[in-house]
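Engineer: Counted the way mature numbering (1 follows the signal peptide of the UniProt record, and there is no 0) counts, the sequence shown spans residues -18 to -1, 1 to 385. Here it is, the structure in full.
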Amino acid sequence: MKKLLILIVLTTTVFSQAQVKKKTIKPKIEKEWVNPVKLTKEERNRPYMDDVLKTRDSLTPKEAERRRKNIAAGNPFAKYGYYPKVATLSRGKYLEFHDKDSIVIIGSVKYNTKQQKVIEVLDIDLSDPDAQPIGDTHGRWMSPDPLSEEFPDWTPYRYGFNNPVRYGDPTGLLEDDYGMDDQGNITLLQKTNDNFDRLFKVDNSGNKVDVNSDGKMQQGTDYVQVNKPNAESGSIISSLATNYGLKDSSFPNGINFGRTANANDAANVFSFAAKNSNVEWGLDAYNIKGNPLYTVYTGHEGDKTPPNFRDQSLSKLLFSIHSHKNLNQPSPINGLTDGDYGVARYWDNQYYNRTGKTNYPAHYLYYAPNGGQSSLWKYHWLNKSPYKLNLGTGTINLNKLGK
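Rendered as structure tokens:
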């Protein structure tokens, strides 16, 4: 009887458990992003439009169609009504397909792109300059850079600034570009994965300015470039574009700064910023464990620079430079102020009070007009009369400056 009861209980338990459905957890399927641009059903169903709509860029119907055609240009079978998948890096933002002919001429060679064979070596008379160039592509490129549309003012072969021997560009992407307005405000224009940053002057609409109006964007004139260890690294330019929250009642527009141990980068960024904005800039050099560290800064004012950095590390200061836009000399002594000489004397007294030393940091003035020749001055007020000297150069070599 006891065994019978146990058997009945077990049978009932198994049966009751069998009636309970096992709960299954359905995997959460993330909805694929589709661009919200307004298209008709016919437009949305056109070949390759689905690739275009994967971008998160803001699109108009016209721009979406332009990008679709850029992708379609890579399909050689469209005339047969066949639309295979076309690989694209930019989802149609750029035209990535050039030289689609079966046979192309590269230099003195005819090349079959389908067979991947050289089919003819052309006999060229190199003594006849009128016979050059030949073919449909010349020089070092097989096709234009797909990103050439981003820089119409450059040659279409803009990869590596059209000079791959000098400029390495392993990713083929664009450089980090920053823009500076008249008030010295620096902002990021576009973020990329290359190992250098560039700073351009921009107009009120944020467009890059051709400083000397020669139709070209030239390094040193139209922009300044700073190399960095890798794409993720910061630079003195990216630091100047960062809002660190520095505020002072005398500088209501804020204070921006950047630091570097590279003398050339500091000098180039400082001089470019001073020439291409309407505010004063400062450059300080500090002795940090026996090596100079440079700070470039601005308070976005037309007649003064912030004293914050000098005040914090005065005992380590080697020299300081500030810029003038319209006055080609240190600000003179007048009935109201002692000008730049009075400021220099104040900091020399502060330096002596803090260190007890008389090897005072040097004071320099950089005249940086919008147009014309720049000049560099050295000045102080250590004796009864102020002293100034035009160093006869518009170039700043920080390695030659000092106390």
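Note that the Cβ used here is the ideal one computed from N, Cα and C, for glycine as well.
Using three-state DSSP, classify glycine 240 as helix, strand or coil.
Structural biologist: strand
Engineer: Contact defined as beta carbons within less than 8 Å: I believe leucine 358 pairs with alanine 245. What is the distance between those atoms, to the nearest angstrom?
Structural biologist: Not a contact, Cβ separation roughly 15 Å.
Engineer: Roughly how many angstroms lie between the CA atoms of proline 43 and leucine 35, to the nearest whole one?
Structural biologist: 11 Å
Engineer: Taking the runs of the alpha helix (DSSP H) that are 4 residues or longer, which of them lie wholly in the segment 253 to 340?
Structural biologist: 290 to 294 and 321 to 337
Engineer: How many Å lie between glutamate 47 and phenylalanine 291 at the Cα?
Structural biologist: 53 Å
Engineer: Answer with buried or exposed for tyrosine 160, where buried requires no fewer than 16 other C-beta atoms within 10 angstroms of its C-beta.
Structural biologist: Around the beta carbon of tyrosine 160, 16 or more other beta carbons lie within 10 angstroms, which makes this residue buried.
Engineer: State the DSSP-derived secondary structure class of lysine 3, mapped to helix, strand or coil.
Structural biologist: In this prediction, lysine 3 has a pLDDT of 48, which is less than 50 and means its spatial position is unreliable; what the coordinates show is noted afterwards. If DSSP states are grouped into helix, strand and coil, lysine 3 belongs with coil.
Engineer: Compute the Euclidean distance between the alpha carbons of aspartate 330 and lysine 173, then round it to the nearest angstrom.
Structural biologist: 43 Å
Engineer: Going by C-alpha distance, which of Thr337, Gln311, Asn316 and Gly353 is nearest leucine 347?
Structural biologist: Gln311
Engineer: Sorted by chain position, which residues of the same chain lie with C-beta nearer than 8 Å to asparagine 308's C-beta, five sequence neighbours on each side aside?
Structural biologist: Shown here for asparagine 308: same chain residues with a beta carbon closer than 8 Å to its own, the five before and five after excluded, namely Pro351 in chain order.
Engineer: Which word fits glutamine 98, buried or exposed, when buried means at least 16 other C-beta atoms lie within 10 angstroms of its C-beta?
Structural biologist: With fewer than 16 other Cβ atoms within 10 Å, it is exposed.
Engineer: Is it true that the CB of aspartate 179 sits closer than 8 Å to the CB of valine 208?
Structural biologist: In terms of Cβ geometry, valine 208 and aspartate 179 form a close pair [threshold 8 Å].
Engineer: The alpha helix (DSSP H) spanning arginine 49 covers which residue range?
Structural biologist: Unbroken alpha helix (DSSP H) run through arginine 49: 43 to 54.
Engineer: Please report the residue range of the beta strand (DSSP E) in which glutamate 102 lies.
Structural biologist: 99 to 103 is the extent of the beta strand (DSSP E) around glutamate 102.
Engineer: Suppose you measure from the CA of histidine 120 to the CA of glutamate 102; what does that come to, to the nearest Å?
Structural biologist: Here histidine 120 scores only 49 on pLDDT, less than 50, and its place in the model should not be relied on; the value that follows carries that caveat. Distance between the alpha carbons of histidine 120 and glutamate 102 is about 17 Å.
Engineer: Would you mind stating whether isoleucine 378 and alanine 249 have Cβ atoms separated by less than 8 Å?
Structural biologist: A contact, by the Cβ cut-off of 8 Å.
Engineer: Is the segment 326 to 346 close to the segment 228 to 238, with three or more CB pairs under 8 Å?
Structural biologist: no
Engineer: Can you give me the start and stop residues for the alpha helix (DSSP H) that isoleucine 218 sits inside?
Structural biologist: 218 to 222
Engineer: In or out: alanine 243 buried (at least 16 other Cβ within 10 Å) or exposed?
Structural biologist: exposed
Engineer: Smallest Cα separation from glutamate 214: which of Gln201, Asn177, Ser221 and Tyr226?
Structural biologist: Asn177
Engineer: Along the alpha helix (DSSP H) that carries methionine 31, what are the first and last residues, could you check?
Structural biologist: 31 to 34
Engineer: In this structure, does DSSP put alanine 248 in helix, strand or coil?
Structural biologist: Three-state result, alanine 248: helix.
Engineer: Find the nearest neighbour of glycine 321 within the set Gly166, His306 and Gln332, judged by alpha-carbon distance.
Structural biologist: His306
Engineer: Identify which residue in Asp32, Pro66 and Ser84 has its Cα closest to the Cα of glycine 74.
Structural biologist: Asp32
Engineer: If you draw a straight line from the C-alpha of glycine 376 to the C-alpha of arginine 28, how long is it?
Structural biologist: A straight line joining the alpha-carbon of glycine 376 with that of arginine 28 spans about 60 Å.
Engineer: Is it buried or exposed for serine 195, if we count other Cβ within 10 angstroms and need 16 for buried?
Structural biologist: exposed
Engineer: Taking C-alpha atoms, which residue in Ser313, Lys370 and Ser297 lies nearest to asparagine 335?
Structural biologist: Ser297
Engineer: Taking the C-alpha atoms as reference points, what is the distance between lysine 198 and leucine 299?
Structural biologist: The alpha-carbon atoms of lysine 198 and leucine 299 are separated by roughly 39 Å.
Engineer: What does DSSP give as the partner residues of lysine 190 in its beta bridges?
Structural biologist: Val184
Engineer: Reducing DSSP to helix, strand and coil, say where asparagine 94 ends up.
Structural biologist: Three-state DSSP puts asparagine 94 in a strand.
Engineer: To the nearest angstrom, how far is it from the Cα of proline 274 to the Cα of glycine 353?
Structural biologist: 31 Å
Engineer: Hey, would you say glycine 166 sits closer than 8 Å to alanine 223, going by beta carbons?
Structural biologist: no
Engineer: Mapping the DSSP letters down to three states, classify asparagine 381 as helix, strand or coil.
Structural biologist: Assigned with DSSP and collapsed to three states, asparagine 381 falls in helix.
Engineer: In angstroms, rounded to a whole number, what distance separates the CA positions of glycine 374 and tyrosine 342?
Structural biologist: In this model, glycine 374 and tyrosine 342 are separated by some 23 Å (Cα to Cα).
Engineer: Run through the DSSP bridge pairs and tell me what lysine 370 is partnered with.
Structural biologist: Tyr361
Engineer: Output the boundary residues of the alpha helix (DSSP H) element that contains lysine 23.
Structural biologist: Run containing lysine 23: 23 to 26, per the alpha helix (DSSP H) assignment.
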